[in-house]
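Sequence order for the protein chains is A and B.
Quick note on numbering that gives the first Met the number 0: the first sequence kicks off at 0 and runs consecutively.
Quick note on numbering that gives the first Met the number 0: the second sequence kicks off at 0 and runs consecutively.
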Amino acid sequence: MDITYRSKSVRGAPANLVSKGKSIAMKVQVRARNRAYEYAVQEHEQVLFGGLRNAIEMPYECATGTCGTCKARLIEGEIHDLWPNSPGKKHVNPEKGEFLSCQCVARSDLTMEIRGFVGGYPPGRSVPRHFNGRVGAKRDLAKDVMAFSVDLDEPCDFDAGQFMALKFEGIPGSRGYSMVNYAHRPERLDFVIKRMPGGGVSERLFGSDSKALDVQLFGPLGKATFHPSLDKDILCIAGGSGIAGMMSILSRAVHEDYFSCHKGYVFFGVRTAEDLFFTDELQEFKARYPEHIRVVIVLSDEDQRGLEVAATKHSTLEFDSGFVHEAAGRHMKGSYDNVMSYLAGPPPAVDASIRLLLLEARLTTDTIRYDKFS
Amino acid sequence: MSKTRVCRSEDIPTNGMKQVELDGGQQVLILNADGRYFAYQAICPHQEVALCEGLFDGQVLTCHEHLWQWDVETGAPVGLAEAPLEFFDVVVEEGDVFVGVASALKLASIFEGISDEAQAQLAGLMREESYHADAVIYDFGAPVEDLYILEKGRVEFMLGRDDRTSPGGFLISKGELFGWAALIADQPRRIAKASCKEESTVIALNGNEVRAILADHPVDGHRVMSNLVHLITRYLASFGAR
């Protein structure tokens, strides 16, 4: 279904269209609390992506139509909503002209309002842009989890912990996936996907014909990043495929010998031993810094016998049962000094971890990093 | 103050909170900090999240969505938070909790932390001015006399000069300061245009008279100038970042 909104105050369209190659650029004026910005957005480009690409730090979190953080208000001009039924729509009031800038494209020059402060990208942070890629290698990780690589048409700089918005050929909408690997300007990005029955992307990727599937990417996105200048111990609390971004953080930290003088605490929660993955990689990290890295696998739905079997199989990893935040709370007592926490996974797990860190561990909010996807 | 009875004190457990509605539909969050009651706007100034779903430990209120935090004594932002909370006056009489709307002057972060005496003298200077939608409060080049605090409505700014002007942001929160050139000596002319985009009420204070009061209360004067610098750098930081 296509829905097009036109602001009531539209004055004498047609828009001031600027020809630029084959694509048409539209002028967007963003009025934020502190100042206004102007930038050009391409014909089929989401309004948010145009702003971010121009190094304007417009608010967003999931960038894929769920969280509602990118909400803006149309003052003048015409927009087209690519996903009128997105879950994020519950956060907007179309009668007030509100729309999700991550799901709307411009059909004319636009003037829009953002109710918060908007700044520019700080120096040193990679400004997001568009990439073309192709699905390369795929590998089954667990029962319903798969790793896949995307080969890019050009190298991409990103910070460990960031994600990309991926749009697969023939499947509507884009989805956010955290990079698993970390390298300097890599031309290949590794991702993890969990199988969702009936989910367009996962059915396609888990099927046999996804090799050479074309992908459009936008990024890097997300603020839950790690840089070695952090100079703090690292606590990772991840549920399920939320471990993806943590692997990138740990890879960079190991690669730069960060753990020779800092500690790493990794809590990785899945349901059963069958759902477990990345154990070889985690054991390798552990083997490099046996005194400084702790990896605790937390199984929420496994009996004592299953837990013991898994622990025997992966002898350098620790095992515990229950929810991942509960295990983190038990094992981290007394170890919170100078810690930066990274959280990822299902929203209830992230929320419970936040409660643990703020109320029990008494950490300050500037030492907790996560990107909300819902 | 005109006050509304909102609940019984025992309705809110120690270190608990409760969202209530004032006459006129305004939503307010009442917090019980170990037997002392405070009232703030019920919705996070960041992204319209209900603060009653957040965390409160008796001292600090945390919005669960993006971890903005406030000191419950003052409503001042803590940590990641970029804006204060609007507070309401609270009185507990015989177990009944009453809430009243606080004046914009008390909410203004520019005057945050000053003595009651200076606050009272400033209140004596207050002139309430109402503007209809599209009214201009001051234009480019106009003489600088008053500083303003938004009571309600919406004020927008244009920057630049002659025909080369561009939008420069807007104010929507009660207690926000504008026209602050009046606080600084030797700033005789406006370099921006301030206009209302909807029916708005502002508090006007004569700049010279405010400065005279601050000169008589140097500690408060230092506090106000520190607050002003903080406010300006906040705008400049996000301005200069690009």
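Heads up, the beta-carbon is just placed ideally off N, CA and C, and yes, glycines get one too.
None of the values given here were measured: they were computed from a predicted structure.
- For Leu84/B, there are no neighbours in chain A by C-beta distance under 9 angstroms, as the nearest C-beta there is about 16 angstroms away.
- At a cut-off of 9 angstroms between beta carbons, Thr278/A makes no contact with chain B.
- Interface annotation, Phe110/B: not in contact with chain A, CB-CB separation never under 9 angstroms.
- If one requires a minimum length of 3 residues, the beta strand (DSSP E) runs lying completely within the segment 68-146 of chain A are 70-75, 77-80, 97-99, 103-105, 109-112, 128-141, in chain order.
- Chain B places no beta carbon closer than 9 angstroms to that of Glu283/A, leaving this residue out of the contacts.
- For Arg233/B, the nearest CB of chain A lies under 9 angstroms from its own CB, placing it at the interface with that chain.
- Taking 9 angstroms as the threshold, the shortest C-beta distance from Gly123/A to chain B does not fall below it.
- Residue-level contact by beta carbon holds for Thr363/A and chain B, with a gap shorter than 9 angstroms.
- Residues of chain A with a Cβ closer than 8 angstroms to the Cβ of Thr3/B do not exist, since the nearest Cβ in that chain sits about 27 angstroms away.
- Closest by C-alpha distance to Val201/B, out of Gln18/B, Glu81/B, Leu104/B, Cys62/B, is Leu104/B.
- Contiguous alpha helix (DSSP H) elements confined to the segment 297-353 of chain A occur at 303-312, 323-331, taking only those with 4 or more residues.
- Within the DSSP secondary-structure output, Val295/A pairs in a beta bridge with Phe266/A, Glu317/A.
- As summarised for the segment 132-170 of chain B, there are no continuous alpha helix (DSSP H) elements at least 4 residues long confined to that stretch.
- Burial check for Gly123/B: the Cβ neighbour count within 10 Å stays below 16, so the residue is exposed.
- Within chain B, not a single residue places a beta-carbon under 9 angstroms from that of Thr224/A; the smallest gap is close to 15 angstroms.
- Contact note: His63/B reaches chain A through Asp350, Ile353, Arg354, using a C-beta cutoff of 9 angstroms and chain order.
- The alpha-carbon separation between Phe98/A and Tyr176/A amounts to approximately 23 angstroms.
- Leaving aside the five residues that flank Asn180/A on each side, the residues in its chain whose CB is nearer than 6 angstroms to its CB run, in chain order, Asp189.
- Under the three-state reduction of DSSP output, Lys371/A falls in the coil class, being neither helix nor strand.
- With a beta-carbon spacing of about 6 angstroms, Arg7/B and Asp95/B fall inside the 8 angstroms limit used to define contacts.
- In the three-state DSSP reduction, Leu362/A falls in the coil class, being neither helix nor strand.
- Comparing C-alpha distances from Ala82/B to each of Glu92/B, Thr61/B, Ser114/B, Glu128/B shows the shortest one belongs to Thr61/B.
- With a threshold of 16 other beta carbon atoms within 10 Å, Asp365/A falls short and is exposed.
- Proximity of Gln161/A to chain B, defined by a Cβ-Cβ separation below 9 angstroms, is not satisfied.
- The Cβ atoms of Phe147/A and Val126/A do not sit closer than 9 angstroms to each other.
- The DSSP-derived three-state label of Lys196/B is coil.
- Of all residues in the segment 68-98 of chain A, only Thr68, Lys70, His90 place a beta-carbon less than 9 angstroms from a beta-carbon of chain B.
- With respect to the C-alpha of Ala243/A, the residue from His226/A, Leu342/A, Ser299/A, Glu317/A having the closest C-alpha is Leu342/A.
- For Gln120/B, the uninterrupted alpha helix (DSSP H) segment begins and ends at 115-124.
- Under the Cβ criterion of 9 angstroms, Phe116/A is counted among the residues facing chain B.
- At least one CB of chain B lies nearer than 9 angstroms to the CB of Glu112/A.
- Note that the segment 166-183 of chain B touches the segment 22-34 of chain A; at least 3 beta-carbon pairs, one per stretch, sit closer than 8 angstroms.
- No Cβ of chain B is located within less than 9 angstroms of the beta carbon of Ala39/A.
- Here Phe167/A has Val200, Arg203, Leu212, Val214 as same chain residues with Cβ atoms under 7 angstroms from its own Cβ, once five neighbours each way along the sequence are excluded.
- Separation of Thr311/A and Ala272/A (C-alpha to C-alpha, rounded to the nearest whole angstrom) is 12 angstroms.
- For Glu81/B, there is no enclosing alpha helix (DSSP H), as DSSP gives it neither H nor E.
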